[in-house]
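Visitor: Here it is: the structure, laid out below.
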Amino acid sequence: MTMMKQTLLDFDPDEAQKHFHQIMKSITITKKDYFREGCTTILNSNMTALKRCYELLEDMHKKKEKRFTDPDFGGQGPEDTGLSSIINDVDCVPYWVTDPDNLRWVRKK
493 MTMMKQTLLD
503 FDPDEAQKHF
513 HQIMKSITIT
523 KKDYFREGCT
533 TILNSNMTAL
543 KRCYELLEDM
553 HKKKEKRFTD
563 PDFGGQGPED
573 TGLSSIINDV
583 DCVPYWVTDP
593 DNLRWVRKK
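In structure tokens:
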């Protein structure tokens, strides 16, 4: 891909957006791009992560959603709303973490 040097006066936002969409459509995410199986929002490279963000935003716009909820981060069930929603080993909590009784993970319903 060749980049042309442009000044701010020459910059066309519509053209840049069109070019960005073309780049995003040219990127394909494969199984090996995901950090781990079953996790759809953590990827191994900046470009595939950007492509995944692009896909998620397109999906949000289609559904007319205004808030993104990451399915791979935080509590995964009704019982998983406290400290265990952000720390895997609750028996080995760093000293700087807040009192577990004061922590609640809330998902949009």
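Residue 493 is where the sequence shown starts when you use the numbering used here, and the numbers rise one by one after that. Ideal placement from N, C-alpha and C gives every residue a C-beta, glycine not left out.
1. Put Tyr546 into one of helix, strand or coil per three-state DSSP.
2. Taking the alpha helix (DSSP H) that Phe512 falls in, what are its first and last residues?
3. Taking 8 angstroms as the threshold (C-beta atoms), are Leu535 and Tyr546 in contact?
4. So, under 8 angstroms CB-CB, Lys543 and Met516 are touching, yes? Tell me the CB distance rounded to an integer number of Å.
5. Can you round the beta-carbon distance between Asp562 and Thr520 to whole angstroms, since I take them to be within the 8 angstroms contact cut?
6. Compute the Euclidean distance between the alpha carbons of Phe560 and Thr540, then round it to the nearest angstrom.
Guide: Taking the geometry as given:
1. Within the sequence shown, numbered from 1, the residue matching residue 546 stands at position 54. It is helical.
2. Along the sequence shown, one-based indexing puts residue 512 at 20. From DSSP, the alpha helix (DSSP H) with Phe512 extends over Pro505 to Ser518.
3. As a first step, residue 546 is located in the sequence shown; it is residue number 54 there, counting from the start. As a first step, residue 535 is located in the sequence shown; it is residue number 43 there, counting from the start. No. Outside cutoff.
4. Position 51 of the sequence shown, counted from the first residue, corresponds to residue 543. Position 24 of the sequence shown, counted from the first residue, corresponds to residue 516. At roughly 6 angstroms, the Cβ-Cβ gap stays under 8 angstroms, so Lys543 and Met516 are in contact.
5. Counted from its first residue, the sequence shown places residue 562 at position 70. Counted from its first residue, the sequence shown places residue 520 at position 28. Wrong, their Cβ atoms sit about 22 angstroms apart, outside the cutoff.
6. Numbered from its first residue, the sequence shown carries residue 560 at position 68. Numbered from its first residue, the sequence shown carries residue 540 at position 48. The straight-line gap from Cα to Cα measures roughly 18 angstroms.
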